Every structure is written in structure tokens, then in C-alpha cells.
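Student:
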Amino acid sequence: MSAIEAVSLSKIYHRSRTQALSDLTLTIRRGEIFTLLGRNGAGKTTFLRIAATQLMPTKGEISVLGHDARDEPLEIRSKIAVVPQEGGTIGPLTPWDHIYLSLLARGISRIEAHQRAEKTIHQLELTEYRNQPADSLSGGLRQRVRVAMAVATDADLIFLDEPTLGLDAVSRRRIWGVLNEIQKEGRSILLTTHYIDEAEILSNRVVIIDRGRLVVSGSPAELLRNVKERVRVDIVGSSFSSEELSNYGRVVKLAERFRVLTDDQRGKELADEAVRRGSDVALARVSLEDLFVDLVGRDEE
Amino acid sequence: MSGAKQFRAAVIIGYMLSITWLRRNLLSLVWLFATPFSLLFIITVTTGGRSFALGVIGSLLLVLSTVGTGLAGDATWYRLETKLQDFFVASPVNQFGYLLGIAFAGLFFASPALVVLLPLLIYIGLPLLSLPVVLLSLVGVWLFSSAIGYLVSTFTSNLRNGWQSGLLLSVLVGILPPVFYPAEILPRNILLVTYAIPTTNAALLIRDAMGSTPTLPYWSPLIGWFLIAVSLAIALAVTSQVARWRQP
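So the protein lines, in turn, are chains A and B. Residues 1 to 301 (our numbering) make up the first sequence, in order. Residues 1001 to 1248 (our numbering) make up the second sequence, in order.
1. Threshold first: 4 residues or longer. Then list the alpha helix (DSSP H) segments lying entirely within the region 27-114 of chain A, N to C.
2. What are the residues that DSSP puts in a beta bridge with Ile12 (chain A)?
3. Per DSSP, Gln1247 (chain B) forms a beta bridge with which residues?
4. Taking the straight line between their C-alpha atoms, what separation do you get for Ser1028 (chain B) and Leu124 (chain A)?
5. Taking Cβ-Cβ distances below 9 Å as the criterion, which residues of the region 85-100 of chain A are in contact with chain B?
6. Listed in chain order, which residues of the region 1088-1099 of chain B have Cβ atoms closer than 7 Å to some Cβ of chain A?
7. Residues of the region 1021-1039 of chain B with a CB closer than 8 Å to any CB of chain D: list them in chain order, please.
8. Is it true that the region 1034-1043 of chain B meets the region 1124-1132 of chain B, where meeting means three or more beta-carbon pairs spaced less than 8 Å apart?
9. By Cβ distance below 6 Å, which residues in the same chain neighbour Leu1062 (chain B) in space, the five residues on each side in sequence not counted?
10. Between which two residues does the beta strand (DSSP E) carrying Arg276 (chain A) extend?
11. In the structure shown, what three-state DSSP assignment does Ser217 (chain A) receive?
12. According to DSSP, is Ala255 (chain A) helix, strand or coil?
13. What does Ser1220 (chain B) pair with, by DSSP beta-bridge criteria?
14. To test your reading of the DSSP string, which unbroken alpha helix (DSSP H) runs of 4 or more residues are found completely within the region 118-175 of chain A?
15. Using the beta-carbon count (16 or more within 10 Å), is Arg1160 (chain B) buried or exposed?
16. Which residues of chain B have a Cβ atom closer than 8 Å to the Cβ of Gln54 (chain A), listed in chain order?
17. Give the interface partners of Val82 (chain A) over in chain B, defined as CB-CB distance under 9 Å, in chain order.
18. Just list the residues that DSSP pairs Arg230 (chain A) with in beta bridges.
19. Considering only the alpha carbon of each residue, which of A:Leu214, A:Glu222, A:Tyr129 lies closest to Gly43 (chain A)?
20. Nearest chain B C-beta to Glu300 (chain A) closer than 7 Å, yes or no?
21. Give me, in chain order, the residues of the same chain whose beta-carbon lies closer than 6 Å to that of Thr45 (chain A); leave out the 5 immediate sequence neighbours on both sides.
22. Would you call the region 1103-1116 of chain B in contact with the region 1189-1199 of chain B, where contact means no fewer than 3 C-beta pairs closer than 8 Å?
23. Report the residue from A:Val233, A:Ser246, A:Ser22 whose alpha carbon sits nearest the alpha carbon of Ser41 (chain A).
24. Please list the partners that Ala1009 (chain B) has in chain A, where partner means a Cβ-to-Cβ separation under 9 Å.
25. Met1210 (chain B) versus chain A: which residues are under 8 Å apart at the beta carbon?
26. Indicate whether at least one CB of chain B lies closer than 7 Å to the CB of Pro133 (chain A).
27. Using the Cα positions of Asn226 (chain A) and Leu291 (chain A), report the straight-line distance between them to the nearest angstrom.
28. Below 8 Å between beta carbons is the criterion; list the residues of the region 70-81 of chain A that meet it against any residue of chain B, in chain order.
29. Based on DSSP bridge pairs, tell me the residues matched to Leu261 (chain A).
30. Where do the N-terminal and C-terminal ends of the beta strand (DSSP E) with Ile1012 (chain B) fall, by residue?
31. Which residue comes first and which comes last in the beta strand (DSSP E) that contains Ala1105 (chain B)?
32. Compare the Cα-Cα distances from Leu313 (chain A) to each of A:Asp156, A:Leu157, A:Val151, A:Thr192 and report the closest residue.
33. Start and end of the beta strand (DSSP E) containing Leu1026 (chain B)?
34. Taking 7 Å as the CB-CB cut-off, is Ile1102 (chain B) touching chain A?
35. Which stretch, first to last residue, makes up the beta strand (DSSP E) that contains Arg190 (chain A)?
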């Protein structure tokens, strides 16, 4: 059985007359970390909120953990937990209060809530701050508290809407580690993120959506096979003209640098030439970010 | 979750959003005491103490109606800023568990004022045997105001409007109706309109419990209870049908 199965799912916000999702069909398997990637307003949060029974779809079908999300929300809600996007913490409540009390409210016994809260506090490295009022914590720590409130539950499926937004690199890695531990317990995770490296590192499968439509889906490795070029060469400075670079491959201007997407051989030749001319140069394999920009970033180029 | 577990969840949510807050933020008490006790002071001073009892009754009802209607702002904050509502929508807690939880939070916030006002009411003449009558009418006012406040919050799209709606509702439910002044002085047509507001009936019932039964057209204690029950039932029914727990 799949964790989430959406068929021709559409959502129109009538007030703003915005079509947020359009005929979106996708399946999320049990036990996987599944990531929704897309630009701002692509429909990621809308999909997540519909699947988490917070929002009604306009059209189409969606089942979550075997239950119809439209008609059987109560059956779903006992098995899911959510980290909403850009939420906050409650002023003077401590991390411990947030986690422990929200577990009790979900109907978990005091003993189990205590154990789960202790474990999660430790997992997310909040021990030092456990009794400090949340409004005295940094934004990153508060975000970790919010993630902890969902992670500590016994939910089979956890929804995380941009859980690492604004976190430093160390905190992000800590959360990645916890999400991997959750996956090992057999639980499923639906994640939305703007961090493409996060999607690439964490996800079993990724779907890129744009303007509410599915653009491409698959494992990060499968998606990378869709990129024609193999390597990217980033060159800083003005030692090359864009015409000259276009002889090597596809050129993308990124602020003060040029990025050339090309094959292995020509990439190496370009890198050597850049070194010979004294330019700062970096040669790397193409990433999911290149595919992402390629697929949904054409307007910007 | 069963009804008992929803009730347990409500108590925990109430504790989470009030007691833990008050323990570390005693200043939060000041705003709640400020308006009712100011009105009590003004009424007592301007009537030379003759309307002190009415002032105490009004203050009690204003405290409870304010913590209820104040949910228009608080619940908007929980929904838009902290996303606590979204967190609980996607959990076993249902809408009534959540509503009762945030209503309990208001009640817990109000409890210090109640601890002052209820003994004062007994001191100035409320027979102890009538205390359950008073408490029941206060519960009706608290639940009615909370349901209305929460209902409004689910349609409020920004925080400022939430606080403003809460203040407006507080005036409409807790100050304008005849709770701080005798209902007898109202023109008949306006009086009949105020019967639709539970605070009016609660004030009249408390006066009745204190031995000063109001003589008003179409009103008796039985009708007062009936009107409180009907207005509460309507408020809860409308909230359950119309309030946006899951967004459309």
C-alpha cells in the first residue's frame, strides 16, 4: 500500500482565483522520504496541506495511508503529524513543554510521552535548551523545537513543510540525521524544500512541480540522467566572453560567474584553459539544481 | 480519539496555552484585570457604592465573555502565526477538542479574577446554595463567547483584524448589554433584543439568585435559562458547521 496516492488532483483558491494544483498525479511509497521541489508558488505546500487533511482539494482523488483524504480525514489524522511552514513557537513555553504537552494532547500516555520527548530532545540536540523559554531561543532552535513536536509522535507519515528553512548547515545536517532515523523505523516522510542539495541527499524520490503541474519525478539518480550534460564548469571573472564559452557547451550567467554545462571532455578542456588564463574555476558533476533550473527556471534565464 | 480523550486533550491544550504561559509571564494578568476592575471602580464611585453589586456581576461576566471573544484574536494568532491550529488539524485532536482547549486557556487566564470576584459576590449577598446557579450561567457565557470568538477567528485573514474583532465582540457581549447597569432602564424594544445575548440573561439570573428578581417584560428565570441554552446551542451548532477547521 502506498503512503499517498494522488490522481488528477487540482486545487483552485477561489478567493484569489489561483490554480495552485493542476491534474497532479503522483504516488508516494511507504517508508520512503519523498521530496516536493518547486519554485515559490509551485503548489508544494498546497499539495502537502491537502494530503495532511488541512485543505480540501477542488478536484481529483487523494488517498493517504489507504484512506480517502476527502471523506475519511479522521482515520488519517491519527496516523500523521505535520511541521507547518514558517510556524512559530509559543512564547514562554520551553522546548520540553512544546514536545511533551503536544504528545499528551495527541492521546499518548504520560510515561510514553515522557520517553518520546526525552529521546527527541536528545536527537535534535536540544538538551541544553530544554528548560529555556522558547522566546529566548534563536530562530534555528525554535525551528528545531517545531520539528521535534512532529518527530516525537508515533505518526506513520510525517509532513515537513520546509523544515530546515533558515537553519545553519550544522542544524540542517542534524535534522537530516533525525529524518534518516525515522525512515529506518519504517515511517514515511513527505518533505518540501527549497534546498536542492537537501532533496538530493535525503530523498529516495523527488518530484519537481511547476505551476501546480508535475514536471518530472524519480530518484535523484534517475532525474540526473535527464540532464544532457555531464559536468558543469563555473568560471569567475571576465577572461572569457559568453560567445567563446558557448563553443564549449550551454552557458548560464550566474551573477559574477558563468556556468557552462557540457560533457566530460570539453569540460576538462575548458577548465584547463581557464586555469591557463588565471581565472577562478570549479569543475563538478551536474547536480539536481542544474536540472531544476533547466526545467523550471527558463523565465529567469 | 474518544470523547474522554478529546476532553483530556482540551485540558492539556488549555494548560499549555495558559498556565505555562502565566507561570513565566505574570504581566499577562494585568490586561484581564484592567477593564472589568476599572469599570467596577467607576460604577462604584459614580453611584456612591449603590451599584457595587451590579458592578461585581458585570465584572464577572465581562471577564468570562472577554476571554471567550478574545479568541477571535488569540485563535487567529494560533492559526496564522504559530500554525498551532494546522498542527492540531493534522492530529487526532478534533475541532471541538481544540476549541475547548483554547477556551480552557481563556478560562485559566480568567481564574485569578474569578478568585477575587466570586468571593466578593458571596460577601455582598449571594447565598452559597445559589453558587451553582451562578457558576452554570457563567459557564454558558464562557462557552458562548468562546464559540463565537473561535468562529470569527477562522475567517480572519490577518492578526490585526483578529484582535480588533475580539475587542468589538467584547463590547457587544460584555459591556453594552445590561450587565453593569439595571436592565429595567432600557427601552422595551432594545431590552427584547438584548435577551438574545447570554450575558443579559446571566446577569438577570445572578441578580435573581441574589434575591433581587428583575421585573421585566417576557422574562422569568426559566425563560432566562432557556434563552442561554438556546443561544449556546445555536452558537455551537453554527461553529461546528461553519467554522473553518479544514480550509475549503
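Where a beta carbon is used, it is the ideal one built from N, C-alpha and C, also for glycine. In this text the structure is predicted, and so the values were computed from the model without any measurement.
Tutor: Judging by the given coordinates:
1. The qualifying runs are 44-51, 73-77, 95-105.
2. In the DSSP output, where bridge partners are listed per residue, Ile12 (chain A) has A:Gln19.
3. Partner(s): A:Leu55.
4. When only Cα atoms are considered, Ser1028 (chain B) and Leu124 (chain A) end up about 31 Å apart.
5. Cβ contacts with chain B come from Gln85, Glu86, Gly87, Gly88, Thr89, Ile90, Gly91, Pro92, Leu93, Thr94, Asp97, His98.
6. The residues in question are Val1089, Ala1090, Ser1091, Pro1092, Val1093.
7. Annotation note: the requested chain D is absent from the structure, which comprises protein chains A and B.
8. Cβ pair count under 8 Å is below three, so no.
9. The beta carbon of Leu1062 (chain B) sits closer than 6 Å to those of Pro1036, Gly1174, all from its chain and outside the five residues before and after it, given in chain order.
10. Per DSSP, Arg276 (chain A) belongs to no beta strand (DSSP E); it is in the alpha helix (DSSP H), 264-276.
11. Of the three classes helix, strand and coil, the one that applies to Ser217 (chain A) here is strand, per DSSP.
12. Reduced to three states, the DSSP call for Ala255 (chain A) is coil.
13. Partner(s): none; Ser1220 (chain B) has no beta bridge.
14. Listed in chain order, they are 139-151.
15. Under the 10 Å beta carbon count, Arg1160 (chain B) is surrounded by fewer than 16 other beta carbons and is classified as exposed.
16. Chain B residues near Gln54 (chain A): Asp1086, Val1089, Ala1090, Arg1246, Gln1247.
17. Simply Lys1083, Asp1086, Phe1087, Val1089, Ala1090, Ser1091.
18. According to DSSP, which records beta bridges pairwise, Arg230 (chain A) is partnered with nothing at all.
19. Comparing Cα-Cα distances from Gly43 (chain A) to each of A:Leu214, A:Glu222, A:Tyr129, the minimum goes to A:Leu214.
20. With a pLDDT of only 47 at Glu300 (chain A), under the threshold of 50, the placement of this residue in the model should not be trusted; the figure read from the coordinates follows. Not a single C-beta of chain B is nearer than 7 Å to the C-beta of Glu300 (chain A).
21. So the qualifying residues of the chain are Gln85, Asp161.
22. Output reads no: the region 1189-1199 of chain B does not touch the region 1103-1116 of chain B.
23. The sequence given here places Gly at residue 41 (chain A); Ser does not occur at that position. Of A:Val233, A:Ser246, A:Ser22, the residue nearest in Cα terms is A:Ser22.
24. Neighbours of Ala1009 (chain B) across chain A, judged by C-beta separation under 9 Å: Leu104, Ala105, Arg106, Gly107.
25. Neighbours of Met1210 (chain B) on chain A: none; closest Cβ ~39 Å, over 8 Å.
26. By this cut-off, Pro133 (chain A) is an interface position.
27. Each residue's CA atom was taken as its position, placing Asn226 (chain A) and Leu291 (chain A) some 8 Å apart.
28. Taking 8 Å as the Cβ-Cβ cut-off against chain B, the residues of the region 70-81 of chain A that qualify are Pro73, Leu74, Arg77, Ser78, Ile80, Ala81.
29. Per DSSP, A:Arg232, A:Arg250.
30. Segment 1003-1014 is the alpha helix (DSSP H) holding Ile1012 (chain B); no beta strand (DSSP E) there.
31. Where Ala1105 (chain B) is concerned, there is no enclosing beta strand (DSSP E), although the alpha helix (DSSP H) it sits in stretches over 1095-1123.
32. Since the first residue shown for chain A is 1 and the last is 301, residue 313 (chain A) is missing from the structure and cannot be characterised.
33. Per DSSP, Leu1026 (chain B) belongs to no beta strand (DSSP E) and is neither H nor E.
34. Nearest CB-CB separation between Ile1102 (chain B) and chain A: not below the 7 Å threshold.
35. The sequence as given places Leu at residue 190 (chain A); Arg does not occur at that position. Under the DSSP assignment, Leu190 (chain A) falls in the beta strand (DSSP E) whose first and last residues are 188-193.
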